[in-house]
Amino acid sequence: METFIGNNEVIFEQLRQKLRSTGNKACVHSFGCQLNVSDGEKIKGVLRKIGYSFTDSYSDADLIMLNTCAVRENAEDKVFGIIGSIKHLKEINPDLIIGISGCMSAQEHIVEKIKKSYPQVDIVVGTSAITLLPKLLLECLDGKKFSADITEYDSFSENCEQVRESSFKASVPIMFGCNNFCTYCIVPYVRGRERSRNACDIINEVTNLVHNGYKEIMLLGQNVNSYGNDLQDGISFPELLIRLNSIEGDFIIRFMSSHPKDVSDELIDAMSECKKVEKHLHLPVQSGSNSILLAMNRRYTVEKYMGIINRLREKNPEFSVTTDIIVGFPNESDDDFEQTIKLLQNVRYDNVFSFIYSKRTGTKAAAIDDKISEEIKGKRMRHLLEVQCTIAGENYKRFQNKIIRVLVDGECHRKQGFLNGKSDEFIIVEFEGDKSLIGTFVNVRITKTMSRSLYGEIVRKG
Ligand code: SAH
Ligand code: SF4
Ligand code: F3S
Numbered sequence: 014m015e016t017f018i019g020n021n022e023v024i025f026e027q028l029r030q031k032l033r034s035t036g037n038k039a040c041v042h043s044f045g046c047q048l049n050v051s052d053g054e055k056i057k058g059v060l061r062k063i064g065y066s067f068t069d070s071y072s073d074a075d076l077i078m079l080n081t082c083a084v085r086e087n088a089e090d091k092v093f094g095i096i097g098s099i100k101h102l103k104e105i106n107p108d109l110i111i112g113i114s115g116c117m118s119a120q121e122h123i124v125e126k127i128k129k130s131y132p133q134v135d136i137v138v139g140t141s142a143i144t145l146l147p148k149l150l151l152e153c154l155d156g157k158k159f160s161a162d163i164t165e166y167d168s169f170s171e172n173c174e175q176v177r178e179s180s181f182k183a184s185v186p187i188m189f190g191c192n193n194f195c196t197y198c199i200v201p202y203v204r205g206r207e208r209s210r211n212a213c214d215i216i217n218e219v220t221n222l223v224h225n226g227y228k229e230i231m232l233l234g235q236n237v238n239s240y241g242n243d244l245q246d247g248i249s250f251p252e253l254l255i256r257l258n259s260i261e262g263d264f265i266i267r268f269m270s271s272h273p274k275d276v277s278d279e280l281i282d283a284m285s286e287c288k289k290v291e292k293h294l295h296l297p298v299q300s301g302s303n304s305i306l307l308a309m310n311r312r313y314t315v316e317k318y319m320g321i322i323n324r325l326r327e328k329n330p331e332f333s334v335t336t337d338i339i340v341g342f343p344n345e346s347d348d349d350f351e352q353t354i355k356l357l358q359n360v361r362y363d364n365v366f367s368f369i370y371s372k373r374t375g376t377k378a379a380a381i382d383d384k385i386s387e388e389i390k391g392k393r394m395r396h397l398l399e400v401q402c403t404i405a406g407e408n409y410k411r412f413q414n415k416i417i418r419v420l421v422d423g424e425c426h427r428k429q430g431f432l433n434g435k436s437d438e439f440i441i442v443e444f445e446g447d448k449s450l451i452g453t454f455v456n457v458r459i460t461k462t463m464s465r466s467l468y469g470e471i472v473r474k475g
């Protein structure tokens, strides 16, 4: 049963009445991962239904919703900085409502901190903003000083309208939450346990998106490979890919993230056989040291990880592989770090997203007495980035003179008349072209390769 309080028409009507006497422009600013951005699009859907229109500027807004991320401390600091910097806007617009949603606000200690030190905040709603926001907004418009509700409702919202940021790229969450409890990670605490959406709902949503001209479908989940484990219908993630691949139309299916412990041969087979699925696997490894992987509770070894990469590459030598790395997990030794560098050199990733470990209150790793200095962590990070830059620069040479398909994203800010986009391998490509091509597939012959992107010229429209 769906608990979708956001659909409560009575609350919506009361809100519409009240909004007549205040302004109705909302600024919804999402931070963090694409799942959170997708939640932000649903929050906008609810607000539009109430009667809000949208602005990108804080100073124009009558409602500011900061849809936050808690994955690292700097993400939280950034939001606290913004809450401080928008305080004065309440003097200019006394009707201004400031709301905090998303992963930060799903933590009780953060709610306490906001309540105590940031009186400019009116509403705090956890990761179920879509369902609870209307109720809290109404309380606030009725004069309540501070309304907070971080109850964990099911975040399913099949009937929820969405205000999508793009007209050709769509995020489609296939599951919510995470069961893995990697010892450094806050996500399972702020997003709850894994809940998979019904395959039918996902297939219908993607079919509609493709009908409406969407060219890129990004399937989202904290661990898409455990999709369906909590359902009875027996549809696994590889099976879901096969079914989505058979939807008619010219589009690309991307997905993230995959947990190495759950990558199966069926997934690799499905990726090889489904022509609409991207030629790319994002497979976060986090560390190249088995003892650190154990301390992280990742539940795989470097050897098992390499086995997956080798099987993928045997079948699909042209596929691109990317990863996430945490540098400076508590007590990571020089030797542990060296093993991560070795892993990078063995796998030869096309891109690495690397993060310095950030202590998260409430996680297991937060209790470890860490002896490694921030200076050493910084040094390791710089070394890792250098090594990876060289590897990517060498890897990308394989595209020289090749013709590859690119979905055009937008105009290149640095160069007039140039466009950029992403290849099927998830690599950034820049080329000259007319902006009418944005949102379409083009074929590009690669004329120059660098370590972060490829350059080329359009050969014919794809
Ligand atoms: N579910 C995804 C990851 C979501 S968080 C997965 O398992 O792949 C995205 C990335 O943030 C993680 O892969 C990890 O590299 C990084 N991360 C998570 N918690 C972190 C922390 N406490 N400090 C630094 N990086 C962290
Ligand atoms: Fe965090 Fe691990 Fe879950 Fe990813 S799999 S969200 S890193 S606990
Ligand atoms: Fe951040 Fe929450 Fe995503 S913590 S990374 S916004 S799931």
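Residue 367 in this note's numbering sits at position 354 of the sequence shown; the count goes up by one each step and never skips.
We treat Cβ as the ideally placed atom computed from N, Cα and C, and that holds for glycine.
Problem - Chain-order list of residues whose beta-carbon lies under 7 Å from that of E331 (same chain, five-residue window excluded) - result: Counting from 1 along the sequence shown, the entry for residue 331 is found at position 318. K292.
Exercise for the section: Using 7 Å as the cut-off, classify the Cβ of I123 as near or not near the heavy atoms of the ligand F3S, replying yes or no. Expected result: Against the sequence shown, residue 123 aligns to sequence position 110. Not so, every heavy atom of the ligand F3S lies at least 7 Å from the Cβ.
Practice task
Going by DSSP, name the residue or residues bridged to D337.
Solution key: To locate residue 337, count along the sequence shown from 1; it is residue 324. Paired residues: F366.
Exercise for the section: With hydrogens ignored, establish whether the beta-carbon of P343 is closer than 7 Å to any heavy atom of the ligand SF4. Expected result: The sequence position of residue 343 within the sequence shown is 330, counting from 1. No; taking the cut-off as 7 Å, the Cβ of P343 has no heavy atom of the ligand SF4 nearer than that.
Problem - Sequence-distant residues of the same chain with beta carbon closer than 7 Å to T196, five excluded per side - result: For the purposes of this step, residue 196 is identified with residue 183 of the sequence shown, where counting begins at 1. Counting only Cβ-Cβ distances below 7 Å, and skipping sequence neighbours, we find A308, M309, N310, T376, K377 and A378.
Handout entry: In DSSP terms, what P186 is bridged to
Key = In the sequence shown, counting from the first residue as 1, residue 186 sits at position 173. Partner(s): L233.
Exercise for the section: May I ask you to check if the CB of L79 is nearer than 7 Å to at least one heavy atom of the ligand F3S? Expected result: Position 66 of the sequence shown, counted from the start, is the residue given in the question as residue 79. Because no heavy atom of the ligand F3S lies under 7 Å away, the Cβ of L79 does not count as near it: no.
Handout entry: Enclosing beta strand (DSSP E) for E445 [first to last residue]
Key = For this step, residue 445 is matched to residue 432 along the sequence shown. Note, E445: beta strand (DSSP E), I441 to E445.
Handout entry: Residues that E470 bridges to, as DSSP identifies them
Key = Residue mapping note: residue 470 aligns to position 457 of the sequence shown, counting from 1. Answer by DSSP bridge pairing, in chain order: R458.
Handout entry: E174 beta carbon less than 8 Å from that of G64
Key = The residue you call residue 64 lines up with position 51 of the sequence shown. The residue you call residue 174 lines up with position 161 of the sequence shown. Cβ atoms of G64 and E174: not closer than 8 Å.
Handout entry: Distance, L244 Cα to C425 Cα
Key = Numbered from its first residue, the sequence shown carries residue 425 at position 412. Numbered from its first residue, the sequence shown carries residue 244 at position 231. Cα to Cα, C425 sits roughly 44 Å from L244.
Exercise for the section: Counting only the same chain and skipping the five closest in sequence on each side, list residues whose C-beta sits under 6 Å from that of I110. Expected result: Locating residue 110 in the sequence shown gives position 97, where the first residue counts as 1. Excluding residues within five positions, the ones whose Cβ falls inside 6 Å are L76, D135 and C153.
Handout entry: Straight-line Cα distance separating Q133 from S72
Key = Mapped onto the sequence shown, residue 72 falls at position 59. Mapped onto the sequence shown, residue 133 falls at position 120. Spanning the two alpha carbons is a distance of roughly 15 Å.
Problem - Beta-bridge partners of R418, as assigned by DSSP - result: Locating residue 418 in the sequence shown gives position 405, where the first residue counts as 1. Its beta-bridge partners are N456.
Practice task
May I ask you to report which of helix, strand or coil DSSP gives V298?
Solution key: The residue given as residue 298 occupies position 285 in the sequence shown. Coil.
Practice task
State the DSSP-derived secondary structure class of H426, mapped to helix, strand or coil.
Solution key: Taking the first residue of the sequence shown as 1, we reach residue 426 at position 413. In the structure shown, H426 sits in coil (DSSP, three-state: anything other than H, G, I, E or B).
Exercise for the section: Using DSSP bridges, identify the partner residues of S160. Expected result: On the sequence shown, residue 160 is found 147 positions in, with the first residue counted as 1. The partner list for S160 (beta bridge, DSSP) reads I136.
Practice task
Give the single residue among G320, I265, N329 and N456 whose Cα lies nearest to the Cα of D282.
Solution key: In the sequence shown, counting from the first residue as 1, residue 282 sits at position 269. Closest option to D282, Cα to Cα, is N329.
Handout entry: Classification of H272 by the beta-carbon crowding that lies within 10 angstroms, buried from 16 upward
Key = Position 259 of the sequence shown, counted from the first residue, corresponds to residue 272. It is buried - the Cβ of H272 has at least 16 other Cβ atoms within 10 Å.
Exercise for the section: Look at the alpha carbon of I389 and the alpha carbon of D337, and state the distance between them as a whole number of angstroms. Expected result: Locating residue 389 in the sequence shown gives position 376, where the first residue counts as 1. Locating residue 337 in the sequence shown gives position 324, where the first residue counts as 1. Their backbone Cα atoms lie some 20 Å apart in a straight line.
Problem - Close beta carbons around C287, own chain, < 7 Å, minus the five adjacent residues each side - result: Locating residue 287 in the sequence shown gives position 274, counting from the first residue. Same-chain partners within the cutoff: L254, I255 and N258.
Problem - Limits of the unbroken alpha helix (DSSP H) element including A88 - result: For the purposes of this step, residue 88 is taken as the residue at position 75 of the sequence shown. From DSSP, the alpha helix (DSSP H) with A88 extends over E86 to S98.
Exercise for the section: Output the residues surrounding the ligand SF4, defined as those with a CB atom closer than 6 Å to any ligand heavy atom, in chain order. Expected result: C191, N193, F194, C195, C198, V200, P201, Q235, N236 and H272
Practice task
Give me the Cα-Cα distance between E279 and P251, rounded to the nearest whole angstrom.
Solution key: Along the sequence shown, one-based indexing puts residue 279 at 266. Along the sequence shown, one-based indexing puts residue 251 at 238. The alpha-carbon atoms of E279 and P251 are separated by roughly 6 Å.
Handout entry: Option in E445, E438 and S436 with minimal Cα separation from G430
Key = In the sequence shown, counting from the first residue as 1, residue 430 sits at position 417. Of the candidates E445, E438 and S436, the one whose C-alpha sits nearest the C-alpha of G430 is E445.
Exercise for the section: Measure from the C-beta of P147 to each C-beta in chain B and report whether the shortest distance is under 8 Å. Expected result: No chain B is part of this structure, which consists of one protein chain only.
Problem - Classification of E229 by the beta-carbon crowding that lies within 10 angstroms, buried from 16 upward - result: Locating residue 229 in the sequence shown gives position 216, counting from the first residue. That one is buried.
Exercise for the section: Grab me the residues of G423's own chain with a C-beta within less than 6 Å of its C-beta, minus the 5 sequence neighbours each way, in chain order. Expected result: In the sequence shown, the residue the question calls residue 423 occupies position 410. The answer, listed in chain order, is I451.
Practice task
Leaving aside the five residues before and after Y202 along the sequence, list all residues of the same chain whose C-beta is less than 6 Å from its C-beta, in chain order.
Solution key: To locate residue 202, count along the sequence shown from 1; it is residue 189. So the list reads G375, once near-sequence residues are dropped.
Practice task
Leaving out five residues on either side along the sequence, give the residues of the same chain with a beta carbon under 7 Å from the beta carbon of R473.
Solution key: Taking the first residue of the sequence shown as 1, we reach residue 473 at position 460. Once the five neighbours on either side are set aside, the close Cβ partners of R473 are N456.
Practice task
Indicate whether the contact test is met: 3 or more Cβ pairs, each with one atom in the region 86–95 and one in the region 145–164, closer than 8 Å.
Solution key: no
Problem - K182 versus I199 - alpha carbon distance - result: Counted from its first residue, the sequence shown places residue 182 at position 169. Counted from its first residue, the sequence shown places residue 199 at position 186. In a straight line, the C-alpha of K182 is about 28 Å away from that of I199.
Handout entry: When S51, K31, E26 and N49 are compared against D62, the one with the closest alpha-carbon
Key = Counting from 1 along the sequence shown, the entry for residue 62 is found at position 49. Reading the sequence as shown, one finds Lys at residue 62 and not Asp. Measuring from the Cα of K62, the nearest candidate turns out to be E26.
Handout entry: N- and C-terminal bounds of the alpha helix (DSSP H) containing K377
Key = In the sequence shown, residue 377 corresponds to position 364, counting from 1. Run containing K377: none; DSSP gives neither H nor E here.
Practice task
Please classify I123: is it buried, with 16 or more other beta-carbons within 10 angstroms of its beta-carbon, or exposed?
Solution key: Numbered from its first residue, the sequence shown carries residue 123 at position 110. I123 comes out buried.
Problem - Spatially closest choice to C46 from L28, I127, G247 and S270, by CA coordinates - result: Position 33 of the sequence shown, counted from the first residue, corresponds to residue 46. The candidate whose alpha carbon is nearest that of C46 is S270.
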